[in-house]
Amino acid sequence: MLPYYEMIRFGTVGVGGTVIDFSVTWALREKAKWNQYLASSIGFTLAATNNFFWNKYWTFRNTSHAYLQQYSLFMLISFGGLLLNNLVIWICNRKLGLHFYLSKAIAVGVVVIWNYLLNKTIAFR
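Below is the structure:
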């Protein structure tokens, strides 16, 4: 498969994960009246778990049976990406004075590259 098809698939999975994350977070926070951080954490975790399966079988077409090891690596990379996301936003917004949403857009770009490269070379090699 050509690398750009793989990147398009990775991005498509990411969009689906974003929909899951926001939908679950919204439902738990707004409808169930759960704590916003708990709701967001559950939304993120469910979205990342969904993304793991789609990326394993569709994006990277990985056939390894080391599910627990791959899932653990994938989640570690995902949580690292979440930390990186917050760091980039903080630097761009607080230190460089960029608008919050411009900072978030820059962070998304950085984290997509982080997640793609690390998952391709570590979790699904």
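Position one of the sequence shown corresponds to residue 34 (our numbering), numbered consecutively onward. Beta carbons: idealized from backbone N, C-alpha and C, even for Gly.
- Between Ile155 and Leu106, the C-beta spacing is below 8 Å.
- Per the coordinates, the alpha-carbon of Gly130 lies some 9 Å from the alpha-carbon of Ser136.
- Ala80 is positioned such that its CB atom lies closer than 8 Å to that of Thr51.
- Secondary structure of Ala65 (DSSP, three-state): coil.
- By the criterion of a C-beta distance shorter than 6 Å, Ile122 is surrounded in its chain by Ser136, Lys137 and Ala140, once the five residues flanking it on both sides are discounted.
- The three-state secondary structure of Arg42, taken from DSSP, is helix.
- When DSSP states are grouped into helix, strand and coil, Gly130 belongs to the coil group.
- Here Ser56 has Gly76 as same chain residues with Cβ atoms under 8 Å from its own Cβ, once five neighbours each way along the sequence are excluded.
- For a cut-off of 8 Å, the C-beta gap from Phe157 to Gln103 is around 7 Å, short enough to register as a contact.
- DSSP, reduced to helix, strand and coil, places Thr96 outside both helices and strands of the structure shown, so it counts as coil.
- For the options Asn152, Gly47 and Leu116, the alpha carbon positioned closest to that of Asn83 is the one of Gly47.
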